[in-house]
Amino acid sequence: MIIAEIFYDEMGSRKGFIVKGHAGMAEKGQDLVCSGVSALTQATILGLEAVLYKKPDWKIDGDGYLECWLPSDLNDEESLQAQAIIRTVELGLTGIEKDYGKYLKVSKRRCTKDD
1 MIIAEIFYDE MGSRKGFIVK GHAGMAEKGQ DLVCSGVSAL TQATILGLEA VLYKKPDWKI
61 DGDGYLECWL PSDLNDEESL QAQAIIRTVE LGLTGIEKDY GKYLKVSKRR CTKDD
C-alpha cells in the first residue's frame, strides 16, 4: 500500500508531503496506481521548482519514497502559488484514493518538517 501524508502548519497552510510504499496492484511497470502517484508527486516538485525562487527541499529513492518540503521563507506570491500546487497534488491523490483505496491511503497531519 502507498501511504501519502500531507503536512499542515497550525494556520492550515500546507508545508509539504511524504509518499512511501508500493501499491501492489500489479507487477512493477504495470501498476497504474504507482504510476499515477509517481506522476502526480514528481510533477508537483517540478511545478514548485518552476515557480519558487528558493527551491523546495525534496528527496526521492528507488524504493517508493518521496518527500517534499516548502521553504520557510516564501514571499506572499510564492506562498499562494505553492499552496495551489500542493493542493493540486492533494486533490489528485485523494481522487485516486476514492477509486483505489485498497492501494493508496492519503492522510493529513498537522505538523512541521522539524517535528
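Position 83 of the sequence shown, counting from 1, maps to 83 under our numbering, and the rest follow consecutively. Here a beta-carbon is modelled for each residue, glycine too, at the ideal position from N, C-alpha and C. Predicted model, so just to flag it, every value in this text is computed and none were measured.
Let me check one thing: in DSSP terms, what residues is A4 bridge-paired to?
As a working note, residue 4 is residue 4 in the sequence shown. In the DSSP output, where bridge partners are listed per residue, A4 has V19, V106.
At what residues does the alpha helix (DSSP H) containing K98 begin and finish?
Here residue 98 is taken as the residue at index 98 of the sequence shown, counted from 1. First-last of the alpha helix (DSSP H) with K98: 76–100.
For S72, tell me which candidate among Y100, Q83, D63 has the shortest Cα-Cα distance.
Start at 1 with the first residue of the sequence shown, and residue 72 comes out as number 72. Out of Y100, Q83, D63, Q83 has the C-alpha closest to the C-alpha of S72.
Under the DSSP definition of a beta bridge, which residues are partnered with C68?
Residue mapping note: residue 68 aligns to position 68 of the sequence shown, counting from 1. Checking the DSSP bridge columns, you'll see C68 partnered with F17, W58.
Span of the alpha helix (DSSP H), counted from its first residue to its last, around A43:
The count along the sequence shown starts at 1 and reaches residue 43 at position 43. In the DSSP assignment, A43 falls within the unbroken alpha helix (DSSP H) covering 32–51.
Hey, out of Q81, A23, C111, G24, whose CA is closest to G47's CA?
Translated into positions along the sequence shown, residue 47 becomes position 47. Shortest Cα-Cα distance from G47 to any of Q81, A23, C111, G24 involves Q81.
With 16 other CB atoms within 10 Å as the buried threshold, where does Y103 fall?
As a first step, residue 103 must be located in the sequence shown, where it is residue number 103. It counts as buried.
I'd like to know whether the C-beta atoms of E90 and G16 end up nearer to each other than 8 Å.
Your numbering for residue 90 matches position 90 in the sequence shown. Your numbering for residue 16 matches position 16 in the sequence shown. Their beta carbons are not under 8 Å apart, which means E90 does not touch G16 by this criterion.
Pull up the CB-CB distance for T94 and V106, whole angstroms please, since I reckon it's below 8 Å.
Stepping through the sequence shown from its first residue, residue 94 is reached at position 94. Stepping through the sequence shown from its first residue, residue 106 is reached at position 106. Rounded, the Cβ-Cβ distance is 5 Å, consistent with contact.
Using only CA atoms, which one of W58, G29, V51 lies nearest to E77?
In the sequence shown, residue 77 corresponds to position 77, counting from 1. Among W58, G29, V51, the Cα nearest to that of E77 is on V51.
Under the assumption that V19 contacts A4 (Cβ atoms under 8 Å), give the Cβ distance between them as a whole number of angstroms.
Stepping through the sequence shown from its first residue, residue 19 is reached at position 19. Stepping through the sequence shown from its first residue, residue 4 is reached at position 4. About 5 Å; that satisfies the 8 Å criterion.
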